[in-house]
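Undergrad: First the structure, then my questions, so here it is.
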Amino acid sequence: TVTYTVKGNKNKPKIKGVSTRIYSYKEYKGKKLSTYVMDGVSAYVGNQKLSSKYLKYKAKVVEDSESIKKYKVTYTATNPLNKSKSTKSCYIVLDKVAPAIEADTHLYITKKAFTDLKAELKQGIYSKITISDNYSKTSKLSVSYVLKKKNSTYYTLKYTVKDQANNSSNKT
Numbered sequence: 036t037v038t039y040t041v042k043g044n045k046n047k048p049k050i051k052g053v054s055t056r057i058y059s060y061k062e063y064k065g066k067k068l069s070t071y072v073m074d075g076v077s078a079y080v081g082n083q084k085l086s087s088k089y090l091k092y093k094a095k096v097v098e099d100s101e102s103i104k105k106y107k108v109t110y111t112a113t114n115p116l117n118k119s120k121s122t123k124s125c126y127i128v129l130d131k132v133a134p135a136i137e138a139d140t141h142l143y144i145t146k147k148a149f150t151d152l153k154a155e156l157k158q159g160i161y162s163k164i165t166i167s168d169n170y171s172k173t174s175k176l177s178v179s180y181v182l183k184k185k186n187s188t189y190y191t192l193k194y195t196v197k198d199q200a201n202n203s204s205n206k207t
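Put into structure tokens, the structure is as follows:
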């Protein structure tokens with residue numbers, strides 16, 4: 036008779052993919068938190084991925100205002116062999132407000148100034164607008180534009196600003 040003893044990895048689990056995430060409130064309104072809280076999150080013992088039954092989370096609302104709903108999420112992974120545990124936390128933010136954009140709606144400029152404005156826009160310089168957001172830093176906002184010629188002397192310039200949650204605003 037030969038007896039084999041199989042030893043598993045008894046190290047603490049490692050949790051991967053935990054980071055603060057920002058979502059549009061409109062996109063997730065009415066859905067359960069569980070539908071997106073586990074996106075990209077997994078746990079491993081060594082190189083072995085743990086079954087989802089060994090990775091749990093608890094979420095607590097830490098802010099609920101007119102502009103955001105913010106959860107603190109704590110993930111706990113358990114090694115099934117020795118019950119050792121690891122935890123990691125992050126925030127999940129539901130952003131309820133689109134970024135603000137202020138611009139001159141009727142801007143009359145010379146042909147030279149128009150040429151300068153086109154050059155600025157191509158370089159990502161938006162001197163004719165002011166942008167802000169309730170949550171995302173200004174440097175994290177995405178600005179795009181469409182410049183259309185209406186006739187020989189009149190152009191329209193439409194700006195679109197998106198925040199980290201993909202909420203957007205337009206100004207023409």
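Here my numbering runs 35 ahead of the position in the sequence shown, where the first position is 1. Every residue gets a Cβ at the ideal spot worked out from N, C-alpha and C, and that includes glycine.
#1: Per DSSP, what are the beta-bridge partners of Y180 in this structure?
#2: List, from N- to C-terminal side, the beta strand (DSSP E) runs of 3 residues or more that fit wholly inside the segment 58-125.
#3: So, is L182 buried or exposed, given that buried needs 16 or more other C-beta atoms within 10 angstroms?
#4: Going by other Cβ atoms of all chains shown within 10 Å of its Cβ, with 16 needed for buried, is K104 buried or exposed?
#5: Assign A135 to buried or exposed, taking buried as 16 or more other Cβ atoms, counted over all protein chains shown, within 10 Å of its Cβ.
#6: With a Cβ-Cβ cutoff of 8 Å, do K193 and T173 count as a contact?
#7: Classify L116 as buried or exposed, calling it buried when 16 or more other Cβ atoms lie within 10 Å of its own Cβ.
#8: Going by Cα to Cα distance, which pick from Y79, Y71 and V72 is closest to K47?
#9: Straight-line CA distance for T165 to Y71?
TA: Reading it off the structure:
#1: Answer is Y194.
#2: Within the segment 58-125, the complete beta strand (DSSP E) runs of at least 3 residues are 77-80, 90-99 and 103-113.
#3: So L182 ends up on the exposed side.
#4: Classification of K104: buried, given that the 10 Å Cβ count is 16 or more.
#5: In the assembly as shown, A135 is an exposed residue. Its beta-carbon has fewer than 16 other beta-carbons within 10 Å.
#6: Judged by their CB atoms, K193 and T173 are not nearer to each other than the 8 Å cut-off.
#7: L116 should be labelled exposed.
#8: Checked all of Y79, Y71 and V72; the closest Cα to K47 is Y79.
#9: Roughly 33 Å between the two C-alpha positions.
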